Amino acid sequence: MKKLSLRTRVVTGAVAVAALGAGTFGAVSATAAPAESAAAAPAAATSATSATSAKNTTESTHLTIDAATKAAQAALDAAEKENQRITVAVVDRNGNTIVTLRGDGAGPQSYESAEKKAYTAVAWNAPTSELAKRLEQAPNLKDIPGTLFLAGGAPVTAKNAPIAGIGVAGAPSGALDEKFAQAGAAALGR
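Take the sequence shown: its letters are residues -32 to -1, 1 to 158, numbered as in mature numbering (1 follows the signal peptide of the UniProt record, and there is no 0).
Given below as structure tokens:
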């Protein structure tokens, strides 16, 4: 092993100490920055809140995961009582799926159909059986992405506004699908 000169050892040691010091300083600076930012955040939020008046904002109501699951299970139970194999989907106001339950033996097409029916019901705040009738006057409605204008979707409302949609697919008729979706919606009122 080659022996290093005194000068090389001193320079190498100084570089190591400098690197260690820079790393420590960087770590202290990195942990100190969020504390300073956190202290400034409430002040910024307060000034932003005072600048925003109530007429510039709106509140919305959302269905909880527990409520969505309760509704989906009620729809599935109603279908099982009639020996029907269905899939039920519950979506939020924005059409995002909260929960989907696929019953034993439900067809593979029922999963996507249930989600689309739920989305369609909440988007128009109407049962999809009613919306299917509107296609006679406006046949282009069916071209809107993500929608399905077949009976089986029911909206869920709170404070006279849509907050969720329940879609059911897989029964031999849209009337049955919608009956089970309505059973899911009714479970939320209990």
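Quick reminder that beta carbons are idealized off the backbone N, C-alpha and C, glycines included.
Remember, it's a predicted structure, so these values are computed and weren't measured experimentally.
R102 carries a helical assignment under DSSP once its states are collapsed to helix, strand and coil. For T55, the closest of G138, E104, K147 by C-alpha to C-alpha distance is G138.
With the rule of 3 Cβ pairs closer than 8 Å, the segment 92 to 102 does not count as touching the segment 62 to 79.
Put simply, of K101, K127, N93 the residue whose alpha carbon is nearest the alpha carbon of G63 is N93. For G133, the three-state secondary structure derived from DSSP is strand. Fewer than three pairs of CB atoms, one per stretch, sit closer than 8 Å, so the segment 23 to 31 makes no contact with the segment 142 to 152.
Contact between the segment 71 to 85 and the segment 128 to 138 is present: three or more C-beta pairs spanning the two stretches fall below 8 Å. For the pair Y87 and V124, the CB atoms are not nearer than the 7 Å cut-off.
When DSSP states are grouped into helix, strand and coil, L156 belongs to the coil group. About 21 Å separates the beta carbons of E146 and A129, which is beyond the 8 Å limit, so they are not a contact pair. Across the set G142, A155, A89, K127, the C-alpha of A89 shows the shortest separation from the C-alpha of T65. Spatial neighbours of G142 in its own chain (CB-CB distance under 7 Å, excluding positions within 5 residues in sequence) are listed in chain order as S97, L118, A119, G120. One alpha carbon belongs to Q41, the other to R102, and they sit about 30 Å apart. Shown here, I66 sits in a strand according to DSSP, grouped into three states. Under the three-state reduction of DSSP, D45 is assigned to helix. A distance of 7 Å or more separates the beta carbons of A46 and L156. When only Cα atoms are considered, G73 and E50 end up about 14 Å apart. The beta carbons of L109 and K84 sit about 13 Å from each other, so the pair does not count as a contact at 8 Å. If you ignore the 5 residues before and after T37, its C-beta comes within less than 6 Å of the C-beta of V67, all in its own chain and listed in chain order.
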